[in-house]
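Participant:
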Amino acid sequence: MDRWEYKTIKFALKGFTGGILETEDFDYELNKYGSQGWELVSCFTSNSSYGYSRDAIAVFKRKSRL
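Quick note on the working numbering: the sequence shown kicks off at 74 and runs consecutively.
#1: Using 10 angstroms around the beta-carbon of Ala131, count the other beta-carbons present and answer buried if the total reaches 16, otherwise exposed.
#2: Return the first residue and the last residue of the beta strand (DSSP E) that Glu78 is part of.
#3: Please report how far the alpha carbon of Thr118 lies from the alpha carbon of Arg76, in whole angstroms.
#4: For Ser108, which three-state DSSP category applies?
#5: Below 8 Å CB to CB, which residues in the same chain sit around Leu113 once its five sequence neighbours on both sides are set aside?
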């Protein structure tokens with residue numbers, strides 16, 4: 074049976090009300106983790122007050138090396 078390990082990364086969103094993601098920085102991080110064997114399985118925003126998005130959360134997985 075396969076075993077998995079997971080990693081969660083938080084990216085700060087820009088803009089007065091949030092919601093603006095620096096795609097160059099995001100792409101860099103995706104490629105960095107991808108080259109280490111991590112696969113992106115989910116990405117979602119977290120909300121602060123009044124429904125504004127302040128962070129994007131990326132969840133990665135890879136087969137456990139243990």
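All residues carry an ideal CB built from backbone N, CA and C; glycine is no exception. Bear in mind the structure is a predicted one, so any value in this text is a computation, not a measurement.
Facilitator: Concretely, from the data shown:
#1: As a first step, residue 131 is located in the sequence shown; it is residue number 58 there, counting from the start. Buried: at least 16 other Cβ atoms inside 10 Å.
#2: Taking the sequence shown and counting its residues from 1, one reaches residue 78 at position 5. Looking at the DSSP string, the run of the beta strand (DSSP E) that includes Glu78 is Trp77 to Ala85.
#3: Position 45 of the sequence shown, counting from 1, holds the residue named residue 118. Position 3 of the sequence shown, counting from 1, holds the residue named residue 76. Rounded to whole angstroms, Thr118 and Arg76 show a C-alpha spacing of 27 Å.
#4: Taking the first residue of the sequence shown as position 1, residue 108 is located at position 35. In the structure shown, Ser108 sits in a helix (DSSP, three-state: H, G or I).
#5: Position 40 of the sequence shown, counted from the first residue, corresponds to residue 113. Taken in chain order, the residues that qualify are Leu103, Tyr106, Gly107, Ala131, Val132 and Phe133.
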